[in-house]
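Note sheet for the following structure.
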Amino acid sequence: FKAEDPMAGNNLTVVKEFILLGFSDLPNLQGFLFGVFSIIYLSILIGNGLLIVITKMDPGLQTPMYFFLGNFSFLEICYTSVTLPRILADLWTQKRTISFLQCAVQTCSLYILGVAECLLLAVMAYDRYVAICKPLYYPLIMNRNVCIQLIVVSWVIGVPILIVETYLIFCLNFCGPNKLNHVFCDAPPLLELACGDTYKIEISVQVAALTFVITPFLLILTSYVKIITTILRLPSTSGRAKAFSTCSSHLMVVGLFYGSGSIVYLRPKTRHSTGSVKVFALFYTTVTPVFNPLIYSLRNKDVIAALKKLLPK
């Protein structure tokens, strides 16, 4: 889209849409990738959907831990629904174009849900900390009202700031190429296409990430240091094993999510890493939600028992 600059008398290119290159460099694998991502998306919907149902219906799972797990599964479905249907549509139609507004909505939604996921993982770690380190006070501290408040805070606390961050990114001048070498709209590839100085915006994005991503991670680490210290002081081996088993599933999900996410956002900037960035971006937005129900069901006797009761029906 060309527009005249009345001051300079020059032609300016104003970007009205972006092209998500995605996996366009693999033309012979488009059908195969569509099939793979379709299976992944269905697995996420079915697996996390089952977890939501059993945590709501089974009387034995009406505890704070499973209340948080049900909410986390719902969040995983929302999180992947921001990116995967779009990826599937691009693979099917081969159009790959996304309007300026759609790109902004996708970026903002991804960040709001991603931050909610980080905060909810921290809340789940806090729940395990109270259960193991302060078992006598657990019913009092983690009562129904507190659990609901923690969920609401996890979902909404970052919304105003992240909307402002997205607005600032999309207020930048995009006057040159409009090809995003990524599978979805995200700040790093968008900032690479922006004209002019983006230093202040990059700093603000990093500050937001530090606040809403690193802070929950530090809270998770602190919780687990205290949890492990408490577990090691338990007199019986069986008690230690049981305490570790209730935490191991959550630790695996935290490791998957933060491990892949940190590779994408904390890596050194190099031109040769775009392919690996796409893979790891897909890892934390799709693979983690796939493994979440598997990790929690295969390593949890209560969930397995609830599934056995539900599936015959």
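Note that UniProt numbering has the sequence shown beginning at 1, numbered continuously upward.
Even glycine gets a Cβ: it sits at the ideal position worked out from N, Cα and C.
For residue i, which three-state DSSP category applies?
i           : result
Asn48       : helix
His272      : Its pLDDT being 44, under 50, His272 is placed unreliably in this model, and the coordinates cannot settle the point.
Ser99       : strand
Asn178      : coil
residue 315 : Not covered by the structure: residue 315. The range shown for the chain is 1 to 313.
Asn173      : strand
Cys195      : strand
Phe72       : helix
Pro216      : helix
Val205      : helix
Met142      : coil
Gly259      : helix
Phe291      : helix
Asp127      : helix
Asn300      : coil
Phe67       : helix
Phe283      : helix
Using 10 angstroms around the beta-carbon of residue i, count the other beta-carbons present and answer buried if the total reaches 16, otherwise exposed.
i      : result
Pro139 : exposed
Asn28  : exposed
Lys134 : exposed
Gly31  : exposed
Met57  : exposed
His272 : Summary for His272: the model assigns pLDDT 44, below 50, so the residue's position carries little reliability, and this model does not support an answer.
Lys278 : buried
Thr288 : buried
Asn48  : buried
Cys118 : buried
Gly196 : exposed
Ile46  : exposed
Ser73  : buried
Gly176 : exposed
Pro64  : buried
Would you kindly work out how many angstroms separate the C-alpha atoms of residue i and residue j, rounded to a whole number?
i      : j      : result
Phe68  : Ile87  : 29 Å
Leu150 : Ile228 : 23 Å
Phe100 : Cys171 : 11 Å
Leu218 : Val207 : 15 Å
Leu121 : Arg240 : 22 Å
Asn143 : Val290 : 30 Å
Ser249 : Lys16  : 44 Å
Leu232 : Gln62  : 28 Å
Gly158 : Ile112 : 7 Å
Would residue i and residue j be called neighbours here (beta carbons separated by less than 8 Å)?
i      : j      : result
Val82  : Gln106 : yes
Leu162 : Ser204 : no
Ile19  : Lys179 : yes
Phe212 : Val152 : no
Ile132 : Thr80  : no
Roughly how far, in whole angstroms, is the beta-carbon of residue i from the beta-carbon of residue j, given that I think they are within contact range, below 8 Å?
i      : j      : result
Gly70  : Thr55  : 4 Å
Val253 : Asn292 : 6 Å
Phe34  : Leu84  : 11 Å between Cβ atoms; not a contact.
Ala128 : Thr246 : Position check: residue 128 holds Arg in this sequence, whereas Ala was assumed. Yes, they are in contact, since the Cβ atoms of Arg128 and Thr246 sit about 7 Å apart, within 8 Å.
Ile40  : Thr285 : Going by Cβ atoms, the distance from Ile40 to Thr285 rounds to 10 Å, so no, they are not a contact pair.
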